[in-house]
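Protein chains in written order, with this note's numbering: chain A, 1 to 182; chain B, 183 to 364.
No residue lacks a Cβ here, since even glycine has one placed at the ideal position from N, Cα and C.
Data block below; observations after.
2 protein chains.
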Amino acid sequence: MSVEAVNEHVSDVCAAGDPSEAPGITLTGLVFETAGGLRRALAPGIESELGLGGLALEVLVRLERSPGTRLRMIDLAAQTGLTPGGLTRAIDRLANAGFVCREACPDDRRGAFAALTPLGRTRTDEALRRHERDIEALIAGVLDTSETETLVALLRRLRDRVRPEAARVTGDSEAPKTVPPS
Amino acid sequence: MSVEAVNEHVSDVCAAGDPSEAPGITLTGLVFETAGGLRRALAPGIESELGLGGLALEVLVRLERSPGTRLRMIDLAAQTGLTPGGLTRAIDRLANAGFVCREACPDDRRGAFAALTPLGRTRTDEALRRHERDIEALIAGVLDTSETETLVALLRRLRDRVRPEAARVTGDSEAPKTVPPS
DNA sequence: GGAAAATGATTGCTTGGGCAATAATTGCTG
DNA sequence: CAGCAATTATTGCCCAAGCAATCATTTTCC
Chain A
1 MSVEAVNEHV SDVCAAGDPS EAPGITLTGL VFETAGGLRR ALAPGIESEL
51 GLGGLALEVL VRLERSPGTR LRMIDLAAQT GLTPGGLTRA IDRLANAGFV
101 CREACPDDRR GAFAALTPLG RTRTDEALRR HERDIEALIA GVLDTSETET
151 LVALLRRLRD RVRPEAARVT GDSEAPKTVP PS
Chain B
183 MSVEAVNEHV SDVCAAGDPS EAPGITLTGL VFETAGGLRR ALAPGIESEL
233 GLGGLALEVL VRLERSPGTR LRMIDLAAQT GLTPGGLTRA IDRLANAGFV
283 CREACPDDRR GAFAALTPLG RTRTDEALRR HERDIEALIA GVLDTSETET
333 LVALLRRLRD RVRPEAARVT GDSEAPKTVP PS
């Protein structure tokens, strides 16, 4: 938040180099440092594609991959790990940019959907392609295919413990049964 | 990181679940999601030990493990991934809390050292022990020893590509030769 | 030696997101 | 059915950190 920004921007250990240290400290330290480094390196590309930050891209991608390319605000907040207030602000920015719009929820008047606009969809695809190229360029040669698969599998287990809601790619917040997917 | 969150609050892909996706996208998504989840889970412990965020703990630990338990501001910024301005603020907070003090640099009047105080050292050790317990409690049973070692080794390679300066645990910014380590 | 360029720390301004409060709505219970 | 608790999205306030500007100092180059 950094972000990680960092607070992902929270990185709390230089122990990522001390061999006598508890493995948990080393592991978390490496995760935070890696996240911080990736964010800093990839942010400019996302900024130039969307004029927004990395979390905006995550929101857009999650919407794109949800039924009707929309999600309930409360579900989107849970998936992204933002508080409701944080998500409100993020959707405000995305709506101002024309990538997202808000739709009322007929089943629950407290709630609202965040939905991708046609422009949002186009820009999401473009940004994601750019993002992918940036990532490949950044980490080329570090790990081979097998190592990457191993890392992904192990990281996924750790992620599933600390952020299970993030795995909800298609979401359960489906469009109401009375409205066909758009 | 919050601070983070930083933007580490940056998490940019829900693709961490899509099997047809580019491996780089999946991998970075998992890193960001894991980092965000760890931060959110571990922040309260650090807050209750230090009254500060996770990055403050990282700063303290890096100082503790540097010659003379101090580091040049510019080196500390590079290691933590903070901008000079961001580090200035962080050191301000740590100095206000009595954990850190600033020392002039005789060899270069532009520069300053951030040095751990005795109180800072005590509190760092306590906070680190607490942190370690929190981590172990959080991720108990997710990975066995071998899997953890594998994950650490692979992550370290990725980290070394995206954040090489973070690996400088003891730093090169040694105390000037004319001053013995304190 | 002196001018220009580079460096290091700080500061003003801005951005993004958390926390707590709020209002409207919904679900649960007697 | 009514009251209460829980839920949902938003908003005011605040915090942390990035960016750019600034100033003092050091390094580089002619």
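is_contact[residue i, chain A] using C-beta, thresh 8 Å
i, result
"residue 281/B", "no"
"residue 223/B", "yes"
"residue 295/B", "no"
"residue 333/B", "yes"
"residue 229/B", "no"
"residue 275/B", "no"
"residue 300/B", "no"
"residue 233/B", "no"
"residue 341/B", "yes"
"residue 204/B", "yes"
"residue 314/B", "yes"
"residue 256/B", "no"
"residue 337/B", "yes"
"residue 251/B", "no"
"residue 210/B", "yes"
"residue 259/B", "no"
"residue 308/B", "no"
"residue 269/B", "no"
"residue 348/B", "yes"
Exposed unless 16 or more other CB atoms sit within 10 angstroms - verdict on residue i
i, result
"residue 134/A", "buried"
"residue 308/B", "exposed"
"residue 323/B", "exposed"
"residue 230/B", "exposed"
"residue 89/A", "exposed"
"residue 360/B", "Here the model assigns residue 360/B a pLDDT of 26, short of 50, so the residue's position is not dependable, and the following value carries that caveat. It is exposed - the Cβ of residue 360/B has fewer than 16 other Cβ atoms within 10 Å."
"residue 36/A", "buried"
"residue 62/A", "buried"
"residue 267/B", "exposed"
"residue 306/B", "buried"
"residue 257/B", "buried"
"residue 83/A", "exposed"
Minimum Cβ-Cβ distance from residue i to chain B less than 8 Å
i, result
"residue 175/A", "Residue placement at residue 175/A cannot be trusted, given a pLDDT of 35 that sits under 50; the coordinates are not used to answer."
"residue 106/A", "no"
"residue 135/A", "yes"
"residue 36/A", "yes"
"residue 123/A", "no"
"residue 90/A", "no"
"residue 83/A", "no"
"residue 103/A", "no"
"residue 109/A", "no"
Reference residue i, options the options, closest by Cα
i, options, result
"residue 81/A", "239/B, 340/B, 211/B and 335/B", "211/B"
"residue 112/A", "141/A, 140/A, 119/A and 87/A", "87/A"
"residue 280/B", "236/B, 299/B and 320/B", "299/B"
"residue 204/B", "137/A, 108/A, 123/A and 54/A", "137/A"
"residue 45/A", "110/A, 132/A and 76/A", "132/A"
"residue 72/A", "119/A, 109/A and 42/A", "109/A"
"residue 60/A", "120/A, 74/A and 159/A", "120/A"
"residue 104/A", "56/A, 129/A and 70/A", "70/A"
"residue 51/A", "32/A, 83/A, 94/A and 79/A", "94/A"
"residue 220/B", "283/B, 246/B and 236/B", "236/B"
"residue 122/A", "100/A, 96/A and 106/A", "100/A"
"residue 249/B", "310/B, 325/B, 297/B and 321/B", "297/B"
"residue 78/A", "222/B, 340/B and 256/B", "222/B"
"residue 273/B", "348/B, 240/B and 329/B", "240/B"
"residue 208/B", "162/A, 161/A and 128/A", "128/A"
"residue 340/B", "144/A, 74/A and 161/A", "144/A"
"residue 139/A", "312/B, 328/B, 329/B and 342/B", "342/B"
"residue 130/A", "165/A, 42/A and 163/A", "42/A"
Any non-hydrogen atom of the ligand NAD within 7 Å of residue i CB
i, result
"residue 337/B", "This structure lacks the ligand NAD, and indeed carries no ligand of any kind."
- Whole alpha helix (DSSP H) runs in the stretch 49-85 of chain A with 4 or more residues, listed along the chain? 54-64 and 73-80
- Item | Cβ contact check for the stretch 325-336 of chain B and the stretch 149-165 of chain A: 3 or more pairs under 8 Å | yes
- alpha helix (DSSP H) runs contained entirely in the stretch 310-347 of chain B, provided each spans 4 or more residues: 327-344
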